[in-house]
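K.L.:
Heads up, my numbering is the position in the sequence shown plus 4, with the first residue counted as 1. The beta-carbon is built from N, C-alpha and C at its ideal position, and this holds for glycine as well. From a predicted model like this one, the values you see are computed outputs, not experimental measurements. Below: one structure in C-alpha cells.
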Amino acid sequence: MKPTVLIYDVGGCEGCPVSILRELPRLMEKAEVYSKHIGNADIDKQYDIVIITGSVCINEKSILDRIQKLRENAKILIAYGSCASVGNITLFSRGGQEPRPEHRTFQPITNVIDADYAIPGCPPAPTSLLTLIDALTTG
Ligand code: SF4
5 MKPTVLIYDV
15 GGCEGCPVSI
25 LRELPRLMEK
35 AEVYSKHIGN
45 ADIDKQYDIV
55 IITGSVCINE
65 KSILDRIQKL
75 RENAKILIAY
85 GSCASVGNIT
95 LFSRGGQEPR
105 PEHRTFQPIT
115 NVIDADYAIP
125 GCPPAPTSLL
135 TLIDALTTG
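Pasting the structure below:
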C-alpha cells in the first residue's frame, strides 16, 4: 500500500510547494498525496509523512496550533526548504510590515516542533524529496 503524504505550507513564498508540484506525477507514483493545491488537504487526518514548507510566525497562535496538530498527526515529519529548516530570508522579516504589523518574528518550524528530517534549499531539488521518500518507505 502506498504511504499517505500531506504537503502543507505555513508561510513561505510558495516556491517550495510549487517545486514539489513540478514532481507531482512522480510523487503520486510513490505515495497517496494530499495538498491544498490538489484540494484534499485535511490536517485532522493522520499521515505517514507530513511535509511542511515555509516558516512560522510565532505571534500567530492559529499557525502554532496548526503545526502542533500536524506534528501529532504525522508518523514522519519533514521540514522542506530553507525557510522550514533554518528560517532563511524570513528571519529578517521583523516588525512594522503592512498589512499585518503584529507579525514580528518568524522561525523555522524546526525551532517550534520536532522535525524528523530537514531538506534545506531555496527551494530544494524536489528529486531529493523523492529520494528521501523512497528511502523511508522501501525496505
Ligand atoms: S525556502 Fe525559498 S523557495 Fe522555499 S518557501 Fe522559503 S523562500 Fe520560498
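For N92, does the count of other Cβ atoms within 10 angstroms reach 16, so buried, or fall short, so exposed?
P.N.:
When all chains shown are included, N92 counts as buried.
K.L.:
Looking at the structure shown, is G100 part of a helix, part of a strand, or coil, going by DSSP?
P.N.:
Because G100 sits at a pLDDT of 49, beneath the cut-off of 50, its placement in the model cannot be relied upon, and the following sentence gives the value as read from the coordinates. G100 falls in the coil class under three-state DSSP.
K.L.:
Using the Cβ count rule (16 or more neighbours within 10 Å means buried), how would you classify T135?
P.N.:
Classification for T135: exposed.
K.L.:
What's the call for I11, buried or exposed, on a 16-neighbour Cβ count within 10 Å?
P.N.:
Buried.
K.L.:
From this set, P29, M32 and D13, which residue's C-alpha is nearest I113's C-alpha?
P.N.:
Nearest option by C-alpha distance: D13.
K.L.:
Taking the alpha-carbon of E36 as reference, which of I56, Y121, L140 and P7 has the nearest alpha-carbon?
P.N.:
It is P7.
K.L.:
By Cβ distance below 7 Å, which residues in the same chain neighbour R30 in space, the five residues on each side in sequence not counted?
P.N.:
Counting only Cβ-Cβ distances below 7 Å, and skipping sequence neighbours, we find L134.
K.L.:
With hydrogens ignored, establish whether the beta-carbon of M44 is closer than 7 Å to any heavy atom of ligand 1.
P.N.:
The amino acid at residue 44 is misidentified as Met; the sequence shows Asn. No; taking the cut-off as 7 Å, the Cβ of N44 has no heavy atom of ligand 1 nearer than that.
K.L.:
Classify F96: buried if its beta carbon has 16 or more other beta carbons within 10 angstroms, exposed otherwise.
P.N.:
Label assigned to F96: exposed.
K.L.:
Just curious, the alpha helix (DSSP H) that S89 is in, first and last residue?
P.N.:
Note, S89: alpha helix (DSSP H), S86 to V90.
K.L.:
Check each residue's C-beta against every heavy atom of ligand 1 and list, in chain order, those closer than 6 Å.
P.N.:
This selection yields G16, C17, G19, C20, T57, G58, G85, S86, C87, N92, I93, C126 and P127.
K.L.:
Output yes or no for whether 8 Å exceeds the beta carbon distance between I67 and G15.
P.N.:
Yes. Within cutoff.
K.L.:
Assuming A88 and T57 form a contact by the criterion Cβ under 8 Å, report the distance between their Cβ atoms to the nearest whole angstrom.
P.N.:
Sure, about 6 Å apart at Cβ, within 8 Å.
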